[in-house]
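With the first letter of the sequence shown counted as 1, position 111 gets the number 94 in my numbering; the numbers rise by one all the way through. All residues carry an ideal CB built from backbone N, CA and C; glycine is no exception. Have a look at the structure below, then the notes.
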Amino acid sequence: MPNIFFLVLRRMRAPLITLILIYAISVLGLVLIPGEDGNGQPYSMDFFHAFYFISYTATTIGFGEVPFPFTYLQRMWVVVCIYLSVIGWAYGLGTLFSILQDKRFQQAVLLARFSGAVRRLGEPFYIVCGYGQTGRRLCQVLEERGIRFVVLEPREERVTDVMLADYRFDVPAYSGDAGNPQMLQTAGILNPHCKGVLALTGDEEVNLAIAIAAYVLRPQLLSVCRAKSQAVAENMASFGANHVVNMFEAVGRRFRMALHAPQASRLWSVLSAFAGDPLPPLSQPPRGHWVVVGYGRMGHAIRAALLAEGSSVTVIDLSIPADLQAGQYVVGLGVDAHTLTLAGLEQAVGVVACTDHDANNLSAVATARQIRPSLFVVARQNASSNRVLFEAFKPDATAVRSEVVAQECLRAMVSPTLARFLELIQTRSEVWAGAVLREMEALCGDRVPESWVLTLNGQNQAACYALLLNPQPRLVLRHLLLDPQEHTLQLPCLPLLLIQGGEEVLLPPPETPLMFDARILFIGRSEAHRAQEAVINQYRLIDYVRTGVVQPQSWLFRWWAARRSQTMANGDD
């Protein structure tokens, strides 16, 4: 990173030398030219008074002739000095203004400010590479969770969007090449407070470069990278990317789950959604014949999911698919009734519009519904600005690119325990998933609950005290479900997964004993999370939820309580 001070001095070298020469010649001339004192006697001005006079005269301040009135010869020399100094200052200021307007200099100043802001971060943060729709949505969620982040984005207008965003804290942002390892170092990848790097740019080659740089610079650092093709995804994984997000594979996986396990699919969607959003509805795509409009990467994933679940598929695309036989596709845009009819829409049970153009997707599903109103409609939304249009159309399911990628990233970076729970629910029955959903709805109504993980380790003083130093009565899961202000009340939360001693327990019973280093995944309201954090960090609260007795805090009240207990015990004897 360039030093701004020396960069300016290097560019100002010639103007500064010019000004120094002008001042030196002007001062020397005043010293050499004889003058007259107040008595008419000749005198020579000393260097101090000469420099003093030139200093305020050359800067056009003006003050007077000191220490005595000048002679005609001195005044003639001063006139020459005035014009020389004006030329010198004009040259110097013009050069300085040109430096300040220079694009490279402005970038250097922004880079210096960015680097300084990153160095001053004294709390955990993530590096978000790419501030498109996905990056913007993910930053909003991180800000809501109180997690700091740094933004690297190649487009300057998007960096301006970061500056103008209504975040609660200042976000360091810079327009630069995130695939450059030096730029990642400037963004703080070597900072001990950096928790991970998110490669979310639209160029998967840049994302691959970020994954490689993160692995080389900090092999143990969490890295979540976005990929579009399977080859690049495998390459990223080979360089140690903790999680590779392929939007199209994720959509295909979720769609296949919705086909054969709709309750588990809805549970997955609820736990993957952002806290506070409306609960996703139950989606039950029917089996039968489907029409897929658009045979890009998402079209491939949707078709594979439908075929795996026993449905037949006809594809509509502008080009002839190389991997399909005649009769399995129709060449066309898919927005007109003729093309949709050729694809067998009149006998179809569903249609998927998954091109990369929102207007074509809306047009295709609108035409399909006119032909067959009972169709199950799935639409792909590419631009977040078109959300209003899709909500007004009300398809049965909407695949929002930025939402899917942001959810996959958040799950990988914030709560790996939640990711493990989502893997485990695929092994459970539909009845089990439905029961969990009913408990969620009873707990949080029609909004997505917050999820968090409590880890009972050495960072929680009260938890260590209850598990190691004072294990009686034994700490059980039920104690963490009690209100620390009134132990007869239950906190609005539900334990989903307990991991301890090498075992994983889904929906653990309240009386389950807890062990040191246990991890518990909860869902519920934010006030329950705050209450539990207070319990595992305060001795008084953890004793209160275990015993139901408010323990005295000061030494005086502890001494009085102990003496009173001893007196009562002696009285009983």
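Among the options, nearest to residue i - alpha-carbon criterion
i, options, result
"R430", "T438, R421, I503", "R421"
"G485", "D500, C476, L477", "D500"
"V318", "A309, Q311, L328", "L328"
"G179", "V199, Q203, T169, D260", "Q203"
"A382", "N453, Q353, G235", "G235"
"P491", "L480, L497, M498", "L480"
"R(-6)", "G77, C476, R58", "G77"
"A351", "A395, Q311, V275", "V275"
"R411", "M240, V371, I506", "M240"
"V133", "E140, D153, T143", "D153"
"P264", "G417, E187, A95", "G417"
Distance between residue j and residue i (C-alpha atoms, nearest Å)
i, j, result
"I195", "R201", "10 Å"
"P493", "Y109", "35 Å"
"I519", "V533", "16 Å"
"H243", "R151", "43 Å"
"I562", "L464", "Here the chain has residues from -16 to 556 only, and residue 562 is not among them."
"N(-14)", "L93", "12 Å"
"Q330", "I354", "11 Å"
"A305", "G279", "12 Å"
"P415", "Q246", "The sequence as given places Trp at residue 415; Pro does not occur at that position. The straight-line gap from Cα to Cα measures roughly 9 Å."
"L104", "Q308", "58 Å"
"F373", "L345", "8 Å"
"F51", "G23", "10 Å"
"G162", "L135", "10 Å"
"G310", "I303", "11 Å"
"V488", "L191", "37 Å"
"F30", "V10", "7 Å"
"R516", "P432", "Per the sequence presented here, residue 516 reads as Glu, with Arg not at that position. So the two alpha carbons sit approximately 17 Å from each other."
"T324", "Y312", "12 Å"
"L524", "A449", "11 Å"
"R(-4)", "R513", "59 Å"
"A156", "N369", "27 Å"
"R502", "N440", "9 Å"
"V459", "N174", "38 Å"
Collapsed DSSP secondary structure at residue i in the structure displayed
i, result
"A382", "strand"
"L262", "coil"
"I503", "strand"
"D306", "coil"
"A336", "strand"
"D526", "helix"
"P107", "coil"
"D341", "helix"
"F540", "No answer about F540 holds up, because its pLDDT of 46 lies below 50 and its placement is not dependable."
"L301", "coil"
"L480", "strand"
"P25", "strand"
"Q213", "helix"
"S295", "strand"
"G18", "strand"
"R592", "Residue 592 lies beyond the range of the chain shown here (-16 to 556); nothing can be said about it."
"N229", "strand"
"V360", "strand"
"L316", "coil"
"V387", "helix"
"E494", "coil"
Neighbour-count burial assignment, residue i, 16 or more Cβ in a 10 Å radius
i, result
"M281", "buried"
"R128", "exposed"
"T42", "exposed"
"F(-12)", "exposed"
"T471", "exposed"
"L497", "buried"
"S212", "exposed"
"D526", "buried"
"F540", "Legend: pLDDT at F540 = 46, less than 50; position of this residue unreliable, no value from coordinates given."
"M230", "buried"
"H321", "exposed"
"A73", "exposed"
"P378", "buried"
"H462", "buried"
"H176", "exposed"
"A425", "exposed"
heavy atom of the ligand MN below 7 Å from residue i C-beta
i, result
"V335", "Of ligands this structure carries none, so the ligand MN is not represented either."
### Length-filtered (3 minimum) beta strand (DSSP E) runs lying within the segment 126 to 211
131 to 135, 177 to 182, 205 to 210
### Query
Which parts of the segment 393 to 470 are runs of the alpha helix (DSSP H), unbroken and 4 residues or longer, counting only runs that do not cross its ends?
399 to 408, 413 to 427, 444 to 447
### 4 or more residues per run - each alpha helix (DSSP H) lying fully within the segment 29 to 78
30 to 41
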